[in-house]
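Please read the structure below before turning to the comments.
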Amino acid sequence: MSHPEEKLTELGLKLPDVAKPVAAYVPAVRTGNLVYTSGQLPLRDGTLIATGKVGGEVSAEVASDCAQQCALNALAAVKAQIGDLANVARVVKMVAFIASTPDFTGQPQVANGASELIGQVFGEAGQHARSAVGVPVLPLDAPVEVELIVEVA
208 MSHPEEKLTE LGLKLPDVAK PVAAYVPAVR TGNLVYTSGQ LPLRDGTLIA
258 TGKVGGEVSA EVASDCAQQC ALNALAAVKA QIGDLANVAR VVKMVAFIAS
308 TPDFTGQPQV ANGASELIGQ VFGEAGQHAR SAVGVPVLPL DAPVEVELIV
358 EVA
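My numbering puts the first residue of the sequence shown at 208, with every later residue one more than the last.
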């Protein structure tokens with residue numbers, strides 16, 4: 208399998224700098240052979256790429272792009288803990304929170320923006336368990352927040 212960061216380059220993407228926490232926590236914690244990321248917002252160059260509720264001001268397509276950015280930010284947090292994404296043995300679990308209107312039921316499709324990226328980057332090792340949860344509001348009025356649990360080789 209090719210190196211995860213080479214896959215990102217092939218997809219026209221690059222790993223961002225680790226997003227600075229918006230409160231009193233760290234971006235990721237390693238315990239044993241697991242790395243847990245904090246919830247990552249769709250920040251690009253320090254700015255949210257969209258705000259508002261999915262099914263309201265934010266389309267499902269834009270929200271899916273937000274989910275992908277959240278996943279990139281989560282991978283940056285993982286890399287900061289383990290030095291090289293090639294050391295990821297498996298992506299174990301993803302949780303995607305989608306700030307959505309009460310009638311919006313497409314949370315799984317929004318979360319696919321993150322899941323599909325993880326699958327493209329890690330192949331079979333990127334096949335993960337997942338929850339996609341609709342919530343009334345997220346920090347900074349972000350439409351999506353994603354956290355990862357990865358196993359390290």
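For each residue, glycine too, the CB sits at the ideal point set by N, CA and C.
Environment of residue i [buried if 16+ CB atoms lie within 10 Å]
i: N240; result: exposed
i: S338; result: exposed
i: G320; result: buried
i: G262; result: buried
i: S271; result: buried
Residue range of the beta strand (DSSP E) that includes residue i
i: T244; result: 241 to 244
i: K300; result: 295 to 306
i: G326; result: G326 -> not in any beta strand (DSSP E); alpha helix (DSSP H) instead, spanning 314 to 329.
i: E354; result: 351 to 359
CB of residue i within 8 Å of CB of residue j, strictly
i: L279; j: P346; result: no
i: V225; j: A287; result: yes
i: L355; j: T244; result: yes
i: V351; j: F304; result: yes
i: A332; j: V299; result: no
DSSP three-state assignment for residue i, whether helix, strand or coil
i: A274; result: helix
i: Q334; result: coil
i: L292; result: helix
i: A226; result: coil
i: L248; result: coil
Boundaries (first-last residue) of the alpha helix (DSSP H) holding residue i
i: L215; result: 211 to 217
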